[in-house]
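Number of protein chains: 2
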Amino acid sequence: MTMGRLTVLSFLIVCGFLLWTVPATAAEPALQIKKIGGYYVGGKEVVLSGLPVVEKSFTQGGPIRKVDPNGEFEAGQMYVQFVQLAKPKAKYPLLLWHGGGLSGSTWENTPDGREGWQMFFLRQGHDVYVSDAVERGRASWARFPEINSSDPIFRSKLEAWEGFRIGPKYSADKTKREAFPGTQFPTEAFDQFTKQSIPRWVTSDPMTQAAYNTYIASFTKGSVPLVHSQAGNFAIQAALANRQNVKALVLIEPSGTPNPEKTDLTPLKDLPQLFIWGDNIDKSPSWTAYNANVRKYYEALKKMDAPVTWIDLPAMGIKGNSHMIYMDKNSDQVAKIVQDWLTKQGLMQPAKK
Amino acid sequence: MTMGRLTVLSFLIVCGFLLWTVPATAAEPALQIKKIGGYYVGGKEVVLSGLPVVEKSFTQGGPIRKVDPNGEFEAGQMYVQFVQLAKPKAKYPLLLWHGGGLSGSTWENTPDGREGWQMFFLRQGHDVYVSDAVERGRASWARFPEINSSDPIFRSKLEAWEGFRIGPKYSADKTKREAFPGTQFPTEAFDQFTKQSIPRWVTSDPMTQAAYNTYIASFTKGSVPLVHSQAGNFAIQAALANRQNVKALVLIEPSGTPNPEKTDLTPLKDLPQLFIWGDNIDKSPSWTAYNANVRKYYEALKKMDAPVTWIDLPAMGIKGNSHMIYMDKNSDQVAKIVQDWLTKQGLMQPAKK
Chain A
1 MTMGRLTVLS FLIVCGFLLW TVPATAAEPA LQIKKIGGYY VGGKEVVLSG
51 LPVVEKSFTQ GGPIRKVDPN GEFEAGQMYV QFVQLAKPKA KYPLLLWHGG
101 GLSGSTWENT PDGREGWQMF FLRQGHDVYV SDAVERGRAS WARFPEINSS
151 DPIFRSKLEA WEGFRIGPKY SADKTKREAF PGTQFPTEAF DQFTKQSIPR
201 WVTSDPMTQA AYNTYIASFT KGSVPLVHSQ AGNFAIQAAL ANRQNVKALV
251 LIEPSGTPNP EKTDLTPLKD LPQLFIWGDN IDKSPSWTAY NANVRKYYEA
301 LKKMDAPVTW IDLPAMGIKG NSHMIYMDKN SDQVAKIVQD WLTKQGLMQP
351 AKK
Chain B
1 MTMGRLTVLS FLIVCGFLLW TVPATAAEPA LQIKKIGGYY VGGKEVVLSG
51 LPVVEKSFTQ GGPIRKVDPN GEFEAGQMYV QFVQLAKPKA KYPLLLWHGG
101 GLSGSTWENT PDGREGWQMF FLRQGHDVYV SDAVERGRAS WARFPEINSS
151 DPIFRSKLEA WEGFRIGPKY SADKTKREAF PGTQFPTEAF DQFTKQSIPR
201 WVTSDPMTQA AYNTYIASFT KGSVPLVHSQ AGNFAIQAAL ANRQNVKALV
251 LIEPSGTPNP EKTDLTPLKD LPQLFIWGDN IDKSPSWTAY NANVRKYYEA
301 LKKMDAPVTW IDLPAMGIKG NSHMIYMDKN SDQVAKIVQD WLTKQGLMQP
351 AKK
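One line per chain: the protein sequences are A and B, in this order. Numbered according to the numbering used here, the first sequence spans residues 1 to 353. Numbered according to the numbering used here, the second sequence spans residues 1 to 353.
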């Protein structure tokens, strides 16, 4: 009997070793995809007039062409890319919305080359829609100051390092950057990550919100936005505007919400909402403030007995997450928490018997 | 016997009718996908200094924050998105490169909602890589005039309508736009199409070329760029820079090529190259000139007995194509011509017996 147990134990150890040595990707079965595509939604025609015609060469040393900046243009649209599964296991499409100064590319591979949340949730059986908000990425951007009233801002590496809580101190010298002890951010890929940065305007929120509302209005059979940072407030506002089209919200470190003292939150009283927060928030004055504001919104919903869930990762023993949770080294671990919550909310199809 | 033939004929007619009435999408089998992802390639760190700090509110009526535009930034990178099949039938990945003032989104659904060339070639068995060139879409763009020396230009609807040979006369009044007789462009979706427009710089070609070269350098096992318009010259230059990594080039209405009188084209003498041209080129002075220039490049290669193929669609009876061939109503018909040519070049795996 003892030998038998040892044999079983040895067998399990060998199995475990084999599983551990086989690359994860090799073990993944092929995804059955119905369709991949993309489209634009929202926006409208704007007319520019009275601007001076300029002369430009379109190739180095090439002939000079006159360029008339006047005329009709589209502005305020957003871009959507979808991957639809042949047999989705989720009841509704999962919509991934990026944060400030980024585009939808942020949900694909992590900067250090691992699979991002787009693939994670496809493998879990969700149709996944990744969008670029107005002015970001493939959504394109409109002329300023004629259409966007202000000029854009660009996020420096310092702002990304410190603002995203990768570490307390950035340095232009890569060897002198200080990360938080035990950070989950793949710091070796930090410079690669900053290639994702997209300029943003601070005056375009109403245009962005309008496009997100139009986008959500198209999901008449329901959707589940999973959103990051700046997109938190956009998603909650879109849910208020088209409540029946939103079946749940996953808010990854939202930087804002509607003001609970000035907003009627009653329509959200039965909307499942999940809030997830990383580590070292107390070391960042701005994130301490954002977190406290979002907490007020959460408490107001809690008071209504709304199905809201607040997850503080360090409090449950998961330490070191930056603001960029979905690209941190434990991104799959956190994605699993999100997936378990979605399952618990009844958002997956019942398993076939 | 006669009855027998009629029966067979009736059967075929019924089959044909059924095939015709079943929506094409419903008939398509699921795609077996190994992986979907994205990444950035090329670019480098740039340092900005001496710019004045500005004050901005990040939300309407919100607190004023100081924004320091100085520091380190990444610039000159491009963005790549890939769909890898579980069992590709093509020997090499197919790389789709967009033209001027557009991004990779142009290869997805057509503006009137049909499947674009990304899906067409996935269904044909190619791993498909769609990129956004430097400064376009998710590749992001760098501050001007500090990094990009000039200011960007925006394509008006007039420029798109007339420049892309949709018709001889644009009007701001949609009901008064003149299309070429029998145009294949889905004119009802023209305004939707212009939502794809991305500003461009006319001084950034060297930065764009550098990123494309780095991109092609990564395909050490070979690749087949399929490129449109402005990307024609970038692709040929990239092939000259990394000849062994490029197995064929598909050039859809390239707007330029290296000058055959000033360039050693010998490295390209065994590179299969396909040129495809739409209709009404003689009605556009600029396209007449582009076409004539590209023809010189083609003739120079032809003289070397290079495996070059020049397809003038109207000359083979396919009329009405605009410059946007891959979104014209007969886009699948032209894609099939490309696929047949790729097969003929030996670029598909031999069929299993």
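Backbone N, C-alpha and C fix where the C-beta goes; we use that ideal spot for every residue, glycine too.
Return the chain-ordered list of same chain residues with a C-beta closer than 6 Å to the C-beta of residue i, the five sequence neighbours on each side being excluded.
i, result
"A/Pro199", "Pro152, Phe154"
"B/Lys269", "Met304, Ala306"
"A/Arg138", "Tyr79, Asp132"
"B/Thr203", "Ser149, Ser150"
"A/Lys35", "Gln84"
Along the beta strand (DSSP E) that carries residue i, what are the first and last residues, could you check?
i, result
"B/Phe65", "In the sequence as presented, Phe is not what sits at residue 65 of chain B; that position holds Arg. Looking at the DSSP string, the run of the beta strand (DSSP E) that includes B/Arg65 is 64-67."
"A/Val246", "Counting along the chain, A/Val246 falls outside any beta strand (DSSP E), and DSSP gives it neither H nor E."
"B/Lys35", "31-48"
"B/Ile318", "Element bounds for B/Ile318: n/a, residue is neither H nor E."
"A/Tyr79", "71-85"
"B/Ser57", "54-57"
"B/Pro225", "224-228"
"B/Ile276", "273-277"
Would a check of beta-carbon distances place residue i closer than 7 Å to chain B?
i, result
"A/Gln77", "yes"
"A/Glu74", "yes"
"A/Asn109", "yes"
"A/Ala172", "yes"
"A/Lys302", "no"
"A/Met86", "Looking at the sequence shown, residue 86 of chain A is not Met but Ala. Closer than 7 Å to some Cβ of chain B, the Cβ of A/Ala86 qualifies, so yes."
"A/Leu9", "Residue confidence is low: A/Leu9 scores 49 on pLDDT, short of 50, so the model does not pin down where it sits. No coordinate-derived value is stated."
"A/Thr309", "no"
"A/Val202", "yes"
"A/Ile337", "no"
"A/Phe154", "yes"
"A/Ser103", "yes"
"A/Leu158", "yes"
"A/Val294", "no"
"A/Arg138", "yes"
"A/Lys354", "Past the edges of chain A, shown from 1 to 353, lies residue 354 of chain A, and the structure says nothing about it."
Quick check on the DSSP output: the alpha helix (DSSP H) that includes residue i runs from which residue to which?
i, result
"B/Gly232", "231-241"
"A/Thr214", "205-217"
"A/Asp95", "In the sequence as presented, Asp is not what sits at residue 95 of chain A; that position holds Leu. A/Leu95 -> not in any alpha helix (DSSP H); beta strand (DSSP E) instead, spanning 94-97."
"A/Gln192", "190-194"
"A/Trp341", "331-344"
"A/Val308", "Taken as a continuous stretch (DSSP letters only), A/Val308 belongs to no alpha helix (DSSP H), being part of the beta strand (DSSP E) at 308-312."
"A/Trp287", "285-303"
Does any CB atom of chain A fall closer than 7 Å to the CB of residue i?
i, result
"B/Ala24", "With a pLDDT of 45 at B/Ala24, under the threshold of 50, the modelled position of that residue is not reliable, and the figure given next carries that caveat. No - not a single Cβ of chain A is within 7 Å of the one on B/Ala24."
"B/Thr21", "Residue confidence is low: B/Thr21 scores 42 on pLDDT, short of 50, so the model does not pin down where it sits. Its coordinate-derived value is still stated next. No, its Cβ sits nowhere closer than 7 Å to a Cβ of chain A."
"B/Ser322", "no"
"B/Gly71", "yes"
"B/Tyr129", "no"
"B/Tyr297", "no"
"B/Val402", "Nothing in the structure corresponds to residue 402 of chain B, since chain B is present only between 1 and 353."
"B/Ser49", "no"
"B/Arg143", "yes"
"B/Ser218", "no"
"B/Ile281", "no"
"B/Ile64", "no"
Please confirm whether residue i has its beta-carbon closer than 7 Å to some beta-carbon of chain D.
i, result
"A/Gln32", "Included in the structure are the protein chains A and B, with no chain D among them."
Considering only residues of the same chain and omitting the five flanking positions on each side of residue i, which have a CB-CB separation below 8 Å?
i, result
"A/Gly38", "Tyr79, Val80, Gln81, Phe82, Arg138"
"A/Ile64", "Glu55, Lys56, Ser57"
"B/Lys283", "Arg165, Pro168, Phe180"
"A/Pro23", "Annotation note: pLDDT 44 at A/Pro23 (below 50); position unreliable, no value reported."
Which residues in the same chain have their Cβ closer than 7 Å to the Cβ of residue i, if we skip the five residues on either side of it in sequence?
i, result
"B/Leu51", "Pro69, Asn70"
"A/Lys302", "Val308"
"B/Leu158", "Tyr170"
When every heavy atom of the ligand FAD is checked, does at least one fall within less than 6 Å of the C-beta of residue i?
i, result
"A/Leu271", "For the ligand FAD, the structure offers nothing, since it holds no ligand at all."
My parser needs the alpha helix (DSSP H) runs of 4 or more residues fully inside the region 106-158 of chain B; what are they? Correct list: 117-123.
- [ ] Please determine if the region 124-137 of chain A and the region 85-102 of chain A are in contact, where contact requires at least 3 C-beta pairs separated by less than 8 Å.
- [x] The region 124-137 of chain A vs the region 85-102 of chain A: in contact.
Segment contact, 8 Å Cβ cut-off, at least three pairs: the region 324-341 of chain B with the region 65-85 of chain B | The region 324-341 of chain B vs the region 65-85 of chain B: no contact.
(Q) Check whether the region 218-228 of chain B and the region 168-178 of chain B are in contact - that is, three or more C-beta pairs closer than 8 Å. (A) Judged by Cβ distances under 8 Å, the region 218-228 of chain B makes no contact with the region 168-178 of chain B, as fewer than three pairs qualify.
- prompt: Three or more beta-carbon pairs under 8 Å between the region 318-330 of chain B and the region 269-278 of chain B, yes or no?
  reply: In short, these stretches touch, since the Cβ pair count reaches three.
_I want to know whether the region 234-245 of chain B touches the region 109-117 of chain B - three or more CB-CB distances under 8 Å._
Segments in contact, no.
Q: Would you be able to state if there are at least three C-beta pairs under 8 Å between the region 179-192 of chain B and the region 207-218 of chain B?
A: Verdict: no, contact absent.
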